[in-house]
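K.L.:
Let me begin by handing over the structure; questions about it come next.
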Amino acid sequence: MEDFKFSLRDIPKREILNEYSSRFSGINVEAVESCIALLRTASDISKILDEHFSKYGISEGKFTVLMLLYRQSDYQLSPIELSKKAEVTKGTMTGLIAGLENQGFIEKIPNPCDQRGYLVRLSSKGLCMLEEILPIHYTIIAKLMSGLGNDQLKELTSLLNLLSKNLL
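For the sequence shown, the residue numbers in full-length UniProt numbering are 1 to 168.
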């Protein structure tokens, strides 16, 4: 999740990929081209969003944690739930929580179901920041995706979901 970078700017041309496919078995040129385009686009989007988040002193990872809390009716989850939902290790989540707590965007509260544990709750400062950032965030996303019509966006979502289901 954090710091995804795909820095390849000199994308291999089809002729080179065709040459590779004649030298190495199992190369599907269209699959390689699609994967490179997907990685390049994801990296470009990530860089744009990183710039946006940095204006608020947060990273994409911290934004993810804040949004997971924001989606809860009581704005709170356990660190383990956050870790699972964000698909990061417990160690990574511990670092994200510590950073957000230091910034005052979240607070730790006792877990009524586990006396040894705690819950992470979105603070009023975190809530205010999210409600300031979200309209801008969604406007940026709309601008990023504006080259596609609604039908194309639905098709893209469908294709990406299909690809995700078939990953090894």
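The beta-carbon is built from N, C-alpha and C at its ideal position, and this holds for glycine as well.
(1) DSSP on Tyr118, reduced to helix/strand/coil?
(2) For Met1, count neighbouring Cβ atoms within 10 angstroms of its own Cβ and tell me buried if that reaches 16, exposed if not.
(3) What would DSSP say about Gln76, mapped onto helix, strand or coil?
(4) Hey, could you find the ends of the beta strand (DSSP E) Lys108 is sitting in?
(5) In its own chain, which residues sit with a C-beta less than 7 Å from the C-beta of Leu82, not counting the 5 before and 5 after it?
(6) Which stretch, first to last residue, makes up the alpha helix (DSSP H) that contains Ile141?
(7) Check the C-beta distance from Asn18 over to Val32 and give it rounded, since I have them as a contact under 8 Å.
(8) Taking only heavy atoms of the ligand FAD into account, decide whether any of them is closer than 7 Å to the Cβ of Arg121.
(9) When we look at the beta-carbon of Cys62 and count the other beta-carbons within 10 Å, is it buried (16 or more) or exposed?
(10) For Tyr138, which residues from the same chain have a beta carbon less than 6 Å from its beta carbon, with the 5 sequence-adjacent residues on both sides left out?
P.N.:
Let me lay it out:
(1) Reduced to three states, the DSSP call for Tyr118 is strand.
(2) With a pLDDT of 45 at Met1, under the threshold of 50, the modelled position of that residue is not reliable, and the figure given next carries that caveat. Under this definition Met1 is an exposed residue.
(3) Assignment of Gln76 by DSSP, reduced to helix, strand and coil, places it in the strand class.
(4) Per DSSP, Lys108 is one residue of the beta strand (DSSP E) stretching across 106-111.
(5) Only residues of its own chain outside the window of five on either side were considered, and among them Val65, Leu68, Met93, Val120 have a CB closer than 7 Å to the CB of Leu82, listed in chain order.
(6) Per DSSP, Ile141 is one residue of the alpha helix (DSSP H) stretching across 124-144.
(7) Distance from Asn18 to Val32 at the Cβ level is roughly 10 Å; contact not present, criterion being Cβ atoms closer than 8 Å.
(8) The model on display carries no ligand, and the ligand FAD is accordingly not part of it.
(9) Correcting the residue type first, residue 62 is Lys in the shown sequence and not Cys. Buried: at least 16 other Cβ atoms inside 10 Å.
(10) Counting only Cβ-Cβ distances below 6 Å, and skipping sequence neighbours, we find nothing.
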